[in-house]
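Visitor: Residue numbers (numbering that gives the first Met the number 0), protein chains in the order written: chain A, 0 to 257; chain B, 0 to 262.
C-beta: ideal position from N, C-alpha, C; glycine also.
Because the structure is a prediction, the values reported are computed rather than measured.
Have a look at this one.
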Amino acid sequence: MNPLAVIGHVTLEFLAQTGRLSRFTASSVSHSFLPPIYLRLIMRQMLAIGWFSLPVVGLTALFTGMVLALQIYIGSARFNAESAVASIVVIGITRELGPVLGGLMVAGRVASALAAEIGTMRVTEQIDALTTLSTNPFKYLVAPRIIAATLTLPLLILIADIIGVMGGYLIGTHKLGFNSGTYLKNTFDFMETVDVVSGLVKAAVFGFIVALMGCYHGFHSKGGAQGVGKATTDAVVWSSILILTADYFITELFFAGK
Amino acid sequence: MSETVSTAVPKIAMRDVQKRFGSKVVLDGLTLDVPRGQSVVVIGGSGTGKSVMLKCVLGLLKPEKGSIKVDGDEVIGMSPKDREKVLRKFGMLFQGSALFDSLKVWENVAFGLIQGRGMDRGAAKKVALDKLAQVGLNADVGNLSPAELSGGMQKRVALARAIAAEPEIIFFDEPTTGLDPIMADVINDLIKACVQRLGATTLSITHDMASARKIADRVAMIYKGKIVWEGAVAEVDHSGNDYVDQFINGRADGPIRMEVRRA
Numbered sequence: 000m001n002p003l004a005v006i007g008h009v010t011l012e013f014l015a016q017t018g019r020l021s022r023f024t025a026s027s028v029s030h031s032f033l034p035p036i037y038l039r040l041i042m043r044q045m046l047a048i049g050w051f052s053l054p055v056v057g058l059t060a061l062f063t064g065m066v067l068a069l070q071i072y073i074g075s076a077r078f079n080a081e082s083a084v085a086s087i088v089v090i091g092i093t094r095e096l097g098p099v100l101g102g103l104m105v106a107g108r109v110a111s112a113l114a115a116e117i118g119t120m121r122v123t124e125q126i127d128a129l130t131t132l133s134t135n136p137f138k139y140l141v142a143p144r145i146i147a148a149t150l151t152l153p154l155l156i157l158i159a160d161i162i163g164v165m166g167g168y169l170i171g172t173h174k175l176g177f178n179s180g181t182y183l184k185n186t187f188d189f190m191e192t193v194d195v196v197s198g199l200v201k202a203a204v205f206g207f208i209v210a211l212m213g214c215y216h217g218f219h220s221k222g223g224a225q226g227v228g229k230a231t232t233d234a235v236v237w238s239s240i241l242i243l244t245a246d247y248f249i250t251e252l253f254f255a256g257k
Numbered sequence: 000m001s002e003t004v005s006t007a008v009p010k011i012a013m014r015d016v017q018k019r020f021g022s023k024v025v026l027d028g029l030t031l032d033v034p035r036g037q038s039v040v041v042i043g044g045s046g047t048g049k050s051v052m053l054k055c056v057l058g059l060l061k062p063e064k065g066s067i068k069v070d071g072d073e074v075i076g077m078s079p080k081d082r083e084k085v086l087r088k089f090g091m092l093f094q095g096s097a098l099f100d101s102l103k104v105w106e107n108v109a110f111g112l113i114q115g116r117g118m119d120r121g122a123a124k125k126v127a128l129d130k131l132a133q134v135g136l137n138a139d140v141g142n143l144s145p146a147e148l149s150g151g152m153q154k155r156v157a158l159a160r161a162i163a164a165e166p167e168i169i170f171f172d173e174p175t176t177g178l179d180p181i182m183a184d185v186i187n188d189l190i191k192a193c194v195q196r197l198g199a200t201t202l203s204i205t206h207d208m209a210s211a212r213k214i215a216d217r218v219a220m221i222y223k224g225k226i227v228w229e230g231a232v233a234e235v236d237h238s239g240n241d242y243v244d245q246f247i248n249g250r251a252d253g254p255i256r257m258e259v260r261r262a
């Protein structure tokens with residue numbers, strides 16, 4: 000095939016995909032604010048996305064906090080700064096590792112489930128059936144999931160932050176020999192409101208990304224089981240990439256120049 | 000939209016409808032009227048554009064050219080709000096039933112009443128159980144999930160859902176596909192009885208001639224995205240049309256060529 004034709008084809012496909020995603024995002028956001036709002040469906044999705052992700056995200060946060068305490072202790076011992084373990088653990092967890100690792104775990108668990116569910120509905124004509132039953136699929140399927148994920152992720156990450164800091168505390172006091180009171184004092188003395196708030200803002204944005212990617216790829220899946228499988232993979236891959244990209248920009252927004 | 004509609008105006012009128020996917024032309028100037036209160040069945044082989052035609056009328060697909068009128072109102076290019084009003088006139092039975100797996104059977108049947116028309120859940124459940132009874136299913140079935148039902152029962156539930164809001168127009172997309180001949184006949188009888196009770200206008204697509212003969216007032220034959228013959232169901236055996244003769248007799252030889260790639 001002519002290389003120029005390949006470049007042209009790839010460029011056109013990229014632009015078409017970008018256009019489709021932009022329209023989908025605009026429709027999803029507008030339908031999330033305009034009535035009717037399906038409160039019952041939102042609550043059900045909050046349970047599915049938030050509550051049922053808690054074990055996975057909690058365990059991730061716990062072990063991340065524990066590993067972080069160990070690594071920082073070993074690293075800081077090289078220049079006699081072991082006392083910084085508590086403050087670095089809390090800043091690392093709240094600003095970065097809590098929301099990002101939590102977001103990535105939710106991307107794996109939730110984006111795949113949303114894409115598979117909505118993708119199956121697409122290929123079995125259930126989405127067409129919704130339309131013929133005078134129900135807008137954006138309002139009924141997409142908006143509740145996006146609202147639920149955007150509201151739930153910050154709560155989930157707040158709990159993950161607490162569990163992560165607790166993981167660091169457990170290793171700090173039981174393995175590294177820190178005094179319990181001193182460790183906690185160092186944790187709270189060095190933590191600032193912006194550390195937690197920036198992490199929660201990230202969590203809300205990551206929740207939006209995960210739900211959007213899950214719904215978008217599910218909505219546009221085609222070709223039966225293989226199509227649904229591809230939609231699921233794409234949803235997880237693109238959620239993860241967009242989470243890491245958004246993480247950089249939000250970090251720059253909050254902390255650049257400080 | 001027009002308030003009163005003359006009986007002379009077809010319930011659905013399609014004129015020169017064209018729809019393509021990439022370079023593949025699926026509907027190629029399709030013209031068809033569905034008269035008020037009549038049951039029109041469109042027959043034709045797989046891939047001739049039958050399902051695409053239904054989806055164009057429902058607004059699930061947008062034709063590139065042509066006109067589709069429902070009760071005299073043009074629906075192509077209609078605003079979403081007006082389209083929602085028009086869709087309230089329709090019920091549809093999908094080929095694979097398209098029941099929502101996350102909902103119980105009665106919730107599937109009542110879905111259009113609760114979500115589309117804002118009916119109270121209790122009242123909608125009563126209607127749903129009544130409609131299930133009309134298609135021969137008892138109230139116990141209402142509490143099952145669709146995955147627990149056989150193919151024939153799923154079709155009945157889908158039929159109950161299609162008629163639940165007592166629509167003016169019902170579309171049947173391959174209503175008997177995948178069913179054994181006896182269950183197919185049961186479904187045909189149910190369709191006939193439900194449609195007569197409602198006095199609805201129906202447009203069905205099928206390649207099952209037994210089904211077409213049973214439920215149709217008029218039959219139209221589609222080939223390569225065009226209607227090649229149309230007439231009363233009694234005329235289908237003496238149509239004098241080579242396409243229809245080949246199709247209803249199931250012959251490999253004739254003007255209809257199957258696109259089979261030989262190794």
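Less than 9 Å between CB atoms is the rule here; does Asn135/A satisfy it with respect to chain B?
Guide: The count along the first sequence starts at 1 and reaches residue 135/A at position 136. Yes, contact with chain B.
Visitor: Could you please give me the residues that DSSP links to Asp172/B through a beta bridge?
Guide: The count along the second sequence starts at 1 and reaches residue 172/B at position 173. Looking at the DSSP assignment, Asp172/B forms a beta bridge with Ile204/B.
Visitor: Mind listing which residues of the stretch 112–123 of chain A have their C-beta closer than 9 Å to chain B's C-betas, in chain order?
Guide: Result list: Glu116, Thr119, Met120, Thr123.
Visitor: Is it the case that the Cβ atoms of Ile170/A and Met65/A are separated by a distance below 9 Å?
Guide: Along the first sequence, one-based indexing puts residue 170/A at 171. Along the first sequence, one-based indexing puts residue 65/A at 66. It is a contact, given that the beta carbons lie within the stated cut-off.
Visitor: Please list the terminal residues of the continuous alpha helix (DSSP H) segment that includes Arg43/A.
Guide: Translated into positions along the first sequence, residue 43/A becomes position 44. Residues 38–48.
Visitor: What residue does the beta strand (DSSP E) around Glu229/B start on, and which one ends it?
Guide: Taking the first residue of the second sequence as position 1, residue 229/B is located at position 230. Its beta strand (DSSP E) spans residues 225–231.
Visitor: I'd like to know if Ala210/A contacts chain B, where contact means its C-beta is closer than 9 Å to some C-beta of that chain.
Guide: The residue given as residue 210/A occupies position 211 in the first sequence. It does not; no Cβ of chain B falls within 9 Å.
Visitor: Classify Asn107/B: buried if its beta carbon has 16 or more other beta carbons within 10 angstroms, exposed otherwise.
Guide: Locating residue 107/B in the second sequence gives position 108, where the first residue counts as 1. Buried, by the Cβ-count rule.
Visitor: Give a yes or no on whether the minimum CB-CB distance between Phe110/B and chain A is below 9 Å.
Guide: Against the second sequence, residue 110/B aligns to sequence position 111. True, the Cβ-Cβ gap to chain A drops below 9 Å.
Visitor: Rounded to whole angstroms, what's the CA-CA distance from Thr59/A to Val16/B? Just pull it up for me.
Guide: In the first sequence, counting from the first residue as 1, residue 59/A sits at position 60. In the second sequence, counting from the first residue as 1, residue 16/B sits at position 17. Taking the straight line joining both Cα atoms gives about 56 Å.
Visitor: What span of residues does the beta strand (DSSP E) with Ala219/B cover, start to end?
Guide: Counting from one through the second sequence, the residue named residue 219/B turns up at place 220. It spans 217–222 - the beta strand (DSSP E) in which Ala219/B sits, taken as one unbroken run.
Visitor: Between which residues of its own chain and Asn187/B is the CB-CB distance below 8 Å, once the five residues before and five after are set aside?
Guide: Numbered from its first residue, the second sequence carries residue 187/B at position 188. Within the same chain, Asn187/B has close Cβ partners Pro174, Thr175, Ala209, Ser210, Lys213, Ile214.
Visitor: Give me the residue from Ala15/A, Thr17/A, Val99/A with the minimum Cα distance to Asp246/A.
Guide: The residue labelled residue 246/A in the question sits at position 247 within the first sequence. Per the Cα distances, Val99/A.
Visitor: At 8 Å on the CB atoms, spell out the chain B contacts of Thr130/A, in chain order.
Guide: As a working note, residue 130/A is residue 131 in the first sequence. In chain order: Leu57, Gly58, Leu59, Leu86.
Visitor: How many angstroms separate the CA atom of Leu158/B from the CA atom of Ala109/B?
Guide: Within the second sequence, residue 158/B is the residue found at index 159, counting from 1. Within the second sequence, residue 109/B is the residue found at index 110, counting from 1. When rounded, the distance between both Cα atoms is 12 Å.
Visitor: DSSP state of Ser1/B, grouped into three classes?
Guide: Translated into positions along the second sequence, residue 1/B becomes position 2. Unreliable positioning characterises Ser1/B in this predicted model, as indicated by a pLDDT of 45, which lies under 50. A coordinate reading is not provided.
Visitor: Does the beta carbon of Gln268/A come closer than 9 Å to any beta carbon on chain B?
Guide: This structure leaves residue 268/A out entirely; chain A is present only between 0 and 257.
Visitor: So, is Pro350/B buried or exposed, given that buried needs 16 or more other C-beta atoms within 10 angstroms?
Guide: The requested residue 350/B is not part of the displayed model; chain B covers only 0 to 262.
Visitor: Output the distance between the C-alpha atoms of Gly121/B and Ser220/A, rounded to the nearest integer angstrom.
Guide: In the second sequence, residue 121/B corresponds to position 122, counting from 1. In the first sequence, residue 220/A corresponds to position 221, counting from 1. So the alpha carbons of these two residues sit roughly 36 Å apart.
Visitor: Could you confirm whether any beta carbon from chain A is found closer than 9 Å to the beta carbon of Leu131/B?
Guide: Residue numbering aside, residue 131/B sits at position 132 when the second sequence is read from its first letter. Taking Cβ atoms only, chain A never reaches closer than 9 Å to Leu131/B, which makes this a no.
Visitor: Using a beta-carbon distance below 9 Å, is Tyr139/A in contact with chain B?
Guide: Walking along the first sequence from the start, residue 139/A turns up at place 140. Cβ-Cβ to chain B under 9 Å: yes for Tyr139/A.
Visitor: Verify the CB distance criterion: does Ser171/B have a CB-CB separation below 9 Å to chain A?
Guide: Along the second sequence, one-based indexing puts residue 171/B at 172. The question names Ser, but residue 171/B is Phe in the sequence shown. Cβ-Cβ to chain A under 9 Å: no for Phe171/B.
Visitor: Taking DSSP as the reference, what is the three-state secondary structure of Glu81/A?
Guide: To locate residue 81/A, count along the first sequence from 1; it is residue 82. Glu81/A: helix per DSSP, three-state reduction.
Visitor: Which residues, in order along the stretch 186–206 of chain B, keep a beta-carbon less than 8 Å from a beta-carbon of chain A?
Guide: Within the stretch 186–206 of chain B, no residue has a Cβ that lies closer than 8 Å to any Cβ of chain A.
Visitor: Check the DSSP bridge columns for Asp27/B and list the partner residues they point to.
Guide: Counted from its first residue, the second sequence places residue 27/B at position 28. Its beta-bridge partners are Gln17/B.
Visitor: Report yes if the CB atom of Lys88/B is closer than 9 Å to the CB atom of Pro9/B, and no otherwise.
Guide: In the second sequence, counting from the first residue as 1, residue 88/B sits at position 89. In the second sequence, counting from the first residue as 1, residue 9/B sits at position 10. Not a contact, by the Cβ cut-off of 9 Å.
Visitor: Determine the chain A residues that contact Phe99/B at a beta-carbon separation under 9 Å, and present them in chain order.
Guide: For the purposes of this step, residue 99/B is identified with residue 100 of the second sequence, where counting begins at 1. Per Cβ cutoff of 9 Å: Met120, Gln125, Ala128, Leu129.
Visitor: Does the beta carbon of Gln17/B come closer than 9 Å to any beta carbon on chain A?
Guide: Within the second sequence, residue 17/B is the residue found at index 18, counting from 1. Chain A contact via Cβ: absent.
Visitor: Quick one: is Phe246/B buried, meaning 16 or more other Cβ sit within 10 Å of its Cβ, or exposed?
Guide: The residue given as residue 246/B occupies position 247 in the second sequence. Buried: at least 16 other Cβ atoms inside 10 Å.
Visitor: So, at 7 Å on beta carbons, what are the nonlocal neighbours of Arg14/B in its own chain, with the 5 sequence-adjacent residues on each side left out?
Guide: Locating residue 14/B in the second sequence gives position 15, counting from the first residue. Closer than 7 Å at the Cβ level, and outside the excluded window around Arg14/B, lie Thr30, Gly65, Ser66.
Visitor: Please identify the residue among Ala47/A, Tyr72/A, Arg43/A whose C-alpha is closest to the C-alpha of Gly176/A.
Guide: Here residue 176/A refers to the residue found at position 177 of the first sequence. If we check each option's Cα against that of Gly176/A, Tyr72/A comes out closest.
Visitor: Can you name the residues that DSSP bridges to Ala192/B?
Guide: Here residue 192/B refers to the residue found at position 193 when the second sequence is read from its first residue. Beta-bridge pairing links Ala192/B to no other residue.
Visitor: Give me the DSSP bridge partner(s) of Gly90/B.
Guide: Position 91 of the second sequence, counted from the start, is the residue given in the question as residue 90/B. Gly90/B is bridged to Ile169/B.
Visitor: First and last residue of the beta strand (DSSP E) that includes Lys64/B?
Guide: The sequence position of residue 64/B within the second sequence is 65, counting from 1. Lys64/B -> beta strand (DSSP E) spans 64–69.
Visitor: Should Gly71/B be flagged as near chain A, meaning a C-beta pair shorter than 9 Å?
Guide: What you label residue 71/B is simply residue 72 of the second sequence in a count that begins at 1. Chain A contact via Cβ: absent.
Visitor: Do you know offhand how far Thr244/A's Cα is from Phe205/A's?
Guide: In the first sequence, residue 244/A corresponds to position 245, counting from 1. In the first sequence, residue 205/A corresponds to position 206, counting from 1. Approximately 10 Å, taken between the alpha carbons.
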